[in-house]
Each structure stands twice: as C-alpha cells, then as structure tokens.
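Residue numbers (the numbering used here): 67 to 244. Built from N, CA and C at the ideal position, the CB exists for glycine as well. The structure presented is a predicted model; accordingly, all values stated were derived computationally and were not measured. Comments concern the structure below.
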Amino acid sequence: MNPEVKQARLESRLVPEMQEFRDNCLTLQLATIGKNGLPSASYAPFAFDEAGFYILVSDLAAHGQNLKHNKSLSIMMIDDEQDAKSIFARRRLSFDTAAQLIERDTPAWAAGIQTLTNRFGEMIDNLSNLGDFRLYLLTPEKGRYVKGFGKAFDVTGFEMVDIVHLNEGHVKNMKEDI
C-alpha cells in the first residue's frame, strides 16, 4: 500500500478515537517541576477547546506553585484502572505542554472560565472568584497515544494530525555471561 494512503487511513481512524478519548476524560495528570528542580505529580480537572486545555489551580497547591516558576509540564489522560483490558497497557494520551497564565478580567479569562463552567458548572464560578486560583492555558506540543501493547503513536499538537506508529517492539532481556 502507498505510504501516503496508509498514513491517511491511520490518521482518519486514530484522530477521532483520540479526540473522543480526550473528551471523555475529566482530569489531567500533571507532572510539574518545583523551584528546587524536583518533579511533582498531581492532577486537575480540565476543559478543552480550540485554544487548548484550561485548568484552574490554586497557588496553595504544589502544582500551582510550580507553574508560577516553571511553565513546562507534561499532562496525561489515562483509562481508569477498572476499564483497562490490561493493567500493564492502559490506554493513555500524554503531551509535553507549555502553560500560559491567563490574567483576570481579560477576554481570554472570560473565555477560559466559560469553557470550564460549561463542563463543570457553578463550582468553577465559586473557585474562579477565590484570589488564590489562577487560570492556565496548556498548549499541547508533542505527545503520545498508547492503545495497548505494540500500539503506540507519536502525535503532534492538539489537532493530533501528525501520527507516527512506533512499531519497533520490545527487546528481550538476555542474561549476561559472568
């Protein structure tokens, strides 16, 4: 089969699948970096639109403090353990992202808060009125979608249109002679 046709078929099948997976997830797993250079894992509810992922986080949380000092982070959406066919190959979509602080009382703030409110309701109104909560827009860069064993794909950007199937396989561990 022509490589361009094969790539087009792959993208036409996987892009809607990845978008549906993203849209069915309610939270992002976050990997942020503290001022001390150490990583921190956490999560945040999110809403997505054509601009990217919106999260509303408190400065009191470790990830809130980390984002104030380092705008680079990784995000991941992952199947619930109960829904996974194999606990070792849970479906997941992850991205390296850049966080942009959205200032209060701007059109971008209003748009982001509305996107979150559409998804989560009045809780967003309550949180967004607290002074320690900040709105961030996370812009996806490179990412990876894993469907299971031998089914990993590199993706680019939140449009997820540049897809590369990673099909090199695992390497069998060989005992070393002593």
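Item                                                                                                    : Value
At least 3 beta-carbon pairs within less than 8 Å: the region 99-106 vs the region 157-175              : no
Secondary structure of lysine 137, DSSP reduced to three states                                         : coil
Range covered by the beta strand (DSSP E) that runs through aspartate 191                               : Looking at the DSSP string, aspartate 191 is not in any beta strand (DSSP E); the run it does join, the alpha helix (DSSP H), is 188-194.
Cross-strand partners of serine 152 (DSSP beta bridge)                                                  : In the DSSP output, where bridge partners are listed per residue, serine 152 has none listed.
Beta-carbon proximity list for asparagine 136, same chain, < 6 Å, skipping 5 on both sides              : Ile99
For alanine 174, the nearest candidate out of Glu77, Lys101, Asp220, Tyr120 (CA to CA)                  : Tyr120
Contacting residues, own chain, Cβ-Cβ under 6 Å from glutamine 85 (five flanking each side not counted) : none
Which residues DSSP lists as bridging serine 124, in chain order                                        : Phe199
CB of proline 111 within 8 Å of CB of phenylalanine 186, strictly                                       : yes
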